[in-house]
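I have placed the structure first, in the form of structure tokens, so that the comments after it can refer back to it.
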Amino acid sequence: MKQYKILIDASMDVDQETIEGNDIGLVPMTYTRNDVEVILDHIPSDEESKIFYDDMRSGVIMKTTQVTPFYYEKMFRDEASKGNDILYIALSSGLSGTYESAKVASQLTRKEHPEVKIEVVDSLGGTGGMGLLMRAAIRNRASDMSLQENAACLRELAPKICYWFMVDDLIYLKRGGRISAATAFAGNMLQLHPILKIDNDGKLVAFAKEHGIRKTLKKLVSLYDEARNDNNEVILIHADALDNCNILKNSILAANPSANITTCSLSPIVGAHTGPGMLALIHYGNRNIQ
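Numbering (this note's numbering), first residue to last: 4 to 293.
Structure follows, in structure tokens:
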């Protein structure tokens, strides 16, 4: 069977050891720090992430920029020149234009290398959910699953991954146009913590809201317990909110002692929109619970 390379973009959250230990290629992404472009071409360490979120707290403006097909085309061509087929897992088409950019790049690459097969998979999610799909792709490749079979499997798994997000400061959602200035002000004054989810179209939507951190964490555990299936993989993502992350981790283990939990820092690409204090619970299950 012809070898194929698994590629994923740098907005994905998982430990660096998984990337390095399984020959995963990272497509760089960019963000701006006070209008100065920063290229993210690795999984940031916890120390790097803390600096990023401390900068946001101090007033540094972080924004993301659209990834052009150029980045993908370069990565795809590099792998094609090595004789590799390509499996690329993209940030949700409902959250970013990266999926479409990757599709364009795959078409351009195949014009130059018509022998190369490229599968671009829409994760219908992001961050740690992309990490779950990447782990599945690694397992599938190790079991000699073909490129096309692996891609089909990931497309079947993508809508079965649940994403529950809690944010700490509503001002960042306001900046991104998710909520109005009045809603952000009132919510912060009343200590409201919205819980958001990713829907079947891969879009971020408001789902519920709670007063105070303790009730919000309890709600996240309730959502997990209701939505989860028999796959015990769980990824917790935090934006410099390790204490709350550990509380959530212990509560999940109390609800399901078999849960296999990984904790990671949130990538700057997503963190620029959610701000510090964000906490995400990501697992396999039914994302359509009410």
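Note that CB positions come from ideal geometry on N, CA and C, so glycine has one too. Treat the numbers as computed from the prediction; the structure is a model and nothing was measured.
Rounded distance between the beta-carbons of residue 58 and residue 270, thought under 8 Å | Start at 1 with the first residue of the sequence shown, and residue 270 comes out as number 267. Start at 1 with the first residue of the sequence shown, and residue 58 comes out as number 55. Contact flag wrong, Cβ pair sits at about 15 Å.
Consult DSSP for residue 189 and reduce its assignment to one of helix, strand or coil.
-> For this step, residue 189 is matched to residue 186 along the sequence shown. Confidence at residue 189 is low in this model, with a pLDDT of 49, below 50, so its placement is unreliable and the value that follows should be read with caution. Correct three-state label for residue 189: helix.
In the structure shown, what three-state DSSP assignment does residue 38 receive?
-> Working through the sequence shown from its first residue, we reach residue 38 at position 35. Here residue 38 sits in coil by DSSP.
Just to confirm, are residue 242 and residue 279 a CB contact at a threshold of 8 Å?
-> Position 239 of the sequence shown, counting from 1, holds the residue named residue 242. Position 276 of the sequence shown, counting from 1, holds the residue named residue 279. Taking 8 Å as the Cβ cut-off, residue 242 and residue 279 qualify as a contacting pair.
Please say whether residue 123 and residue 74 have beta carbons closer to each other than 8 Å?
-> Indexing the sequence shown from 1 puts residue 74 at position 71. Indexing the sequence shown from 1 puts residue 123 at position 120. At least 8 Å separates the beta-carbon of residue 74 from that of residue 123.
List the DSSP bridge partners of residue 12.
-> To locate residue 12, count along the sequence shown from 1; it is residue 9. Looking at the DSSP assignment, residue 12 forms a beta bridge with 30.
CA nearest to the CA of residue 99, picked from 201, 37, 147 = For this step, residue 99 is matched to residue 96 along the sequence shown. Checked all of 201, 37, 147; the closest Cα to residue 99 is 201.
Do residue 34 and residue 272 have their C-beta atoms within less than 8 Å of each other?
-> Counting from one through the sequence shown, the residue named residue 34 turns up at place 31. Counting from one through the sequence shown, the residue named residue 272 turns up at place 269. With a cutoff of 8 Å on beta-carbon distance, residue 34 and residue 272 are scored as near each other.
Assuming residue 140 contacts residue 9 under a Cβ cut-off of 8 Å, what Cβ separation, rounded to an integer in Å, is found between them?
-> Taking the first residue of the sequence shown as position 1, residue 140 is located at position 137. Taking the first residue of the sequence shown as position 1, residue 9 is located at position 6. That pair is a contact at about 5 Å.
For residue 242, which of helix, strand or coil comes out of DSSP?
-> Mapped onto the sequence shown, residue 242 falls at position 239. If DSSP states are grouped into helix, strand and coil, residue 242 belongs with coil.
Residue 231 - DSSP class collapsed to helix/strand/coil | The residue you call residue 231 lines up with position 228 of the sequence shown. Residue 231 falls in the strand class under three-state DSSP.
Buried versus exposed call for residue 76 [16 or more other C-beta atoms within 10 Å across all chains shown] = Translated into positions along the sequence shown, residue 76 becomes position 73. Residue 76 is buried by the Cβ-count criterion.
Helix, strand or coil at residue 288 [DSSP, three-state] | In the sequence shown, counting from the first residue as 1, residue 288 sits at position 285. Correct three-state label for residue 288: strand.
From what residue to what residue does the alpha helix (DSSP H) around residue 125 run?
-> If you number the sequence shown from 1, residue 125 lands on position 122. Per DSSP, residue 125 lies in no alpha helix (DSSP H) segment; the continuous beta strand (DSSP E) that holds it begins and ends at 121-125.
Excluding five sequence neighbours on each side, which residues of the same chain lie with their C-beta closer than 6 Å to the C-beta of residue 265?
-> Indexing the sequence shown from 1 puts residue 265 at position 262. Cβ neighbours of residue 265 beyond the five flanking positions: 238.
Assign residue 143 to buried or exposed, taking buried as 16 or more other Cβ atoms, counted over all protein chains shown, within 10 Å of its Cβ.
-> For this step, residue 143 is matched to residue 140 along the sequence shown. Looking at its Cβ environment, which holds 16 or more other Cβ atoms inside 10 Å, residue 143 is buried.
Touch test, the segment 243-259 against the segment 202-222, Cβ-Cβ under 8 Å, three pairs minimum = Contact holds: three or more Cβ-Cβ distances are below 8 Å.
Over the uninterrupted alpha helix (DSSP H) stretch that includes residue 130, give me the two end residues.
-> On the sequence shown, position 127 is the one that residue 130 refers to. 130-145 is the span of the alpha helix (DSSP H), which, as asked, contains residue 130.
Out of 131, 158, 170, state which residue places its alpha-carbon closest to the alpha-carbon of residue 277.
-> Residue 277 sits at position 274 when you count from the first residue of the sequence shown. Among 131, 158, 170, the Cα nearest to that of residue 277 belongs to 170.
Check whether residue 290 and residue 230 have beta carbons under 8 Å apart = Locating residue 290 in the sequence shown gives position 287, counting from the first residue. Locating residue 230 in the sequence shown gives position 227, counting from the first residue. Residue 230 sits close to residue 290, with the two beta carbons spaced by under 8 Å.
Presumed contact (8 Å Cβ cut-off) between residue 156 and residue 288, rounded CB distance = Working through the sequence shown from its first residue, we reach residue 156 at position 153. Working through the sequence shown from its first residue, we reach residue 288 at position 285. Contact flag wrong, Cβ pair sits at about 17 Å.
Quick one, which of 125, 283, 115 has its alpha-carbon nearest residue 103's?
-> Residue 103 sits at position 100 when you count from the first residue of the sequence shown. It is 125 whose Cα lies nearest to the Cα of residue 103.
Just curious, the beta strand (DSSP E) that residue 154 is in, first and last residue?
-> Here residue 154 refers to the residue found at position 151 when the sequence shown is read from its first residue. Counting along the chain, no beta strand (DSSP E) covers residue 154; the unbroken alpha helix (DSSP H) around it starts and ends at 150-160.
Where are the alpha helix (DSSP H) runs, 4 residues long or more, that stay fully inside the segment 65-120, in chain order?
-> You should have 72-84, 101-115.
If you draw a straight line from the C-alpha of residue 18 to the C-alpha of residue 138, how long is it?
-> For the purposes of this step, residue 18 is taken as residue 15 along the sequence shown, with counting starting at 1. For the purposes of this step, residue 138 is taken as residue 135 along the sequence shown, with counting starting at 1. The alpha-carbon atoms of residue 18 and residue 138 are separated by roughly 11 Å.
Just the C-alpha distance for residue 71 and residue 105, rounded to the nearest angstrom, thanks.
-> Counting from 1 along the sequence shown, the entry for residue 71 is found at position 68. Counting from 1 along the sequence shown, the entry for residue 105 is found at position 102. For residue 71 and residue 105, the distance between alpha carbons rounds to 8 Å.
Residues bridged to residue 275 (per DSSP) = For the purposes of this step, residue 275 is identified with residue 272 of the sequence shown, where counting begins at 1. For residue 275, which the question treats as bridged, DSSP gives no partner whatsoever.
CB residue 212 to CB residue 226, shorter than 8 Å?
-> One-based indexing of the sequence shown puts residue 212 at position 209. One-based indexing of the sequence shown puts residue 226 at position 223. Taking 8 Å as the Cβ cut-off, residue 212 and residue 226 do not qualify as a contacting pair.
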